[in-house]
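Trainee: Start counting the sequence shown at 5; every next residue gets the next number (this note's numbering). Note that beta-carbon positions come from the ideal geometry of N, C-alpha and C, so glycine has one too. Predicted model, so just to flag it, every value in this text is computed and none were measured.
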Amino acid sequence: MYQIMGIIALFVAAGVVTPRAKKHGIDFTGLLMGVVILGAGLLVGGVFVFALTQIPSAWENRHLFSEYPLPFLQRTFGGMVFYGGLFGVMGAMPLYAKYLKKDVPTILTVLVPVLPLAHAIMRVGCFFAGCCHGMPHETLGVYFANSVSAPNDIRLIPVQLYETAMNLVIFAAIWTWTMKPRHHLHIVAFYGITYAIGRFILEFFRGDAARGQVFAMSTSQFISILVFVVCIGLIVISKIRSKPAE
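1. Compare the C-alpha of I174 against each of V192, A25, P60 and name the closest.
2. Can you say whether I244 is buried or exposed, counting buried as having 16 or more other CB atoms within 10 angstroms of its CB?
3. Going by alpha carbons, who is nearest to I197 out of A18, P120, L47, L68?
4. Under 8 Å, with one C-beta from each stretch per pair, do the stretch 49-60 and the stretch 83-95 reach the 3-pair mark?
5. At what residues does the alpha helix (DSSP H) containing R24 begin and finish?
6. Quick one: grab the DSSP three-state call for Q58.
7. Out of curiosity, what's the CA-to-CA distance linking P155 and L90?
8. Three-state secondary structure (DSSP) at L230?
9. Pull the bridge partners of S222 from the DSSP assignment, please.
10. Cβ of I239 within 8 Å of Cβ of H188?
11. Decide if P75 is buried, meaning its Cβ has at least 16 other Cβ atoms within 10 Å, or exposed.
12. Please report the straight-line C-alpha distance between E64 and Q58, rounded to a whole angstrom.
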């Protein structure tokens with residue numbers, strides 16, 4: 005279900021954004037090619053950052069590699085971190101723009117508003133798989149009876165569904181806001197700031213051990229702070245560039 009929901013997310017996002025894309029000269033075939041190119045960036049970036057979070061564990065258990073090489077590699081490279089996937093998508097944008105013979109600002113203007121919708125659907129896949137689960141809670145928790153990722157028969161906060169709801173709210177807000185022409189850097193900043201704040205808060209309810217830590221924060225909280233700062237910088241840069249030269 006995790007993989008199925010991921011595929012559904014990409015095609016739903018492509019379908020929703022089609023009318024806007026056509027206004028910028030991008031047809032549905034071009035969007036499907038975007039699913040391939042940007043989907044590859046999502047996969048590479050997500051797995052790469054996940055592997056970085058597993059370095060301490062992999063080094064501690066490196067003696068297992070000689071006996072169980074395949075399970076060892078599956079454990080080290082067998083997950084995804086959303087922020088890594090997002091960075092991978094952004095990194096693949098220039099390649100996609102070159103394929104479409106469009107500039108990157110146009111691609112950002114068209115695609116960024118629909119990213120939270122795709123992410124919302126993908127998080128439902130996380131819920132089905134049990135990965136990215138929340139901490140134990142007797143009142144707010146739900147049981148997983150047959151999960152290979154989440155502890156079974158323990159009430160866990162369904163933080164994946166909380167993030168789905170958060171992403172749907174972000175999608176509704178940014179989609180409505182971009183009905184009028186907006187600067188592409190402002191669109192990126194809108195998405196980055198709102199998601200970074202929400203993700204930083206939701207991380208307090210996460211209970212999975214695969215998140216990694218940076219200082220006293222989870223990896224995603226640390227990245228959220230960086231994303232927030234960078235997005236503020238994008239707004240400042242756009243304001244400076246928009247000032248007429250004296």
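Mentor: Quick answer:
1. What you label residue 174 is simply residue 170 of the sequence shown in a count that begins at 1. Per the Cα distances, V192.
2. Residue 244 sits at position 240 when you count from the first residue of the sequence shown. Exposed, because fewer than 16 other Cβ atoms sit within 10 Å of the Cβ of I244.
3. Within the sequence shown, residue 197 is the residue found at index 193, counting from 1. Closest option to I197, Cα to Cα, is P120.
4. yes
5. As a first step, residue 24 must be located in the sequence shown, where it is residue number 20. First-last of the alpha helix (DSSP H) with R24: 6-27.
6. Against the sequence shown, residue 58 aligns to sequence position 54. DSSP places Q58 in coil when its eight states are reduced to three.
7. As a working mapping, residue 155 is identified with position 151 in the sequence shown. As a working mapping, residue 90 is identified with position 86 in the sequence shown. The alpha-carbon atoms of P155 and L90 are separated by roughly 28 Å.
8. Your numbering for residue 230 matches position 226 in the sequence shown. Three-state result, L230: helix.
9. Residue numbering aside, residue 222 sits at position 218 when the sequence shown is read from its first letter. Beta-bridge pairing links S222 to Q217.
10. Your numbering for residue 239 matches position 235 in the sequence shown. Your numbering for residue 188 matches position 184 in the sequence shown. No, the Cβ-Cβ distance between I239 and H188 is not below 8 Å.
11. As a working note, residue 75 is residue 71 in the sequence shown. Exposed, since its Cβ has fewer than 16 Cβ neighbours within 10 Å.
12. Translated into the one-based positions of the sequence shown, residue 64 becomes position 60. Translated into the one-based positions of the sequence shown, residue 58 becomes position 54. The alpha-carbon atoms of E64 and Q58 are separated by roughly 10 Å.
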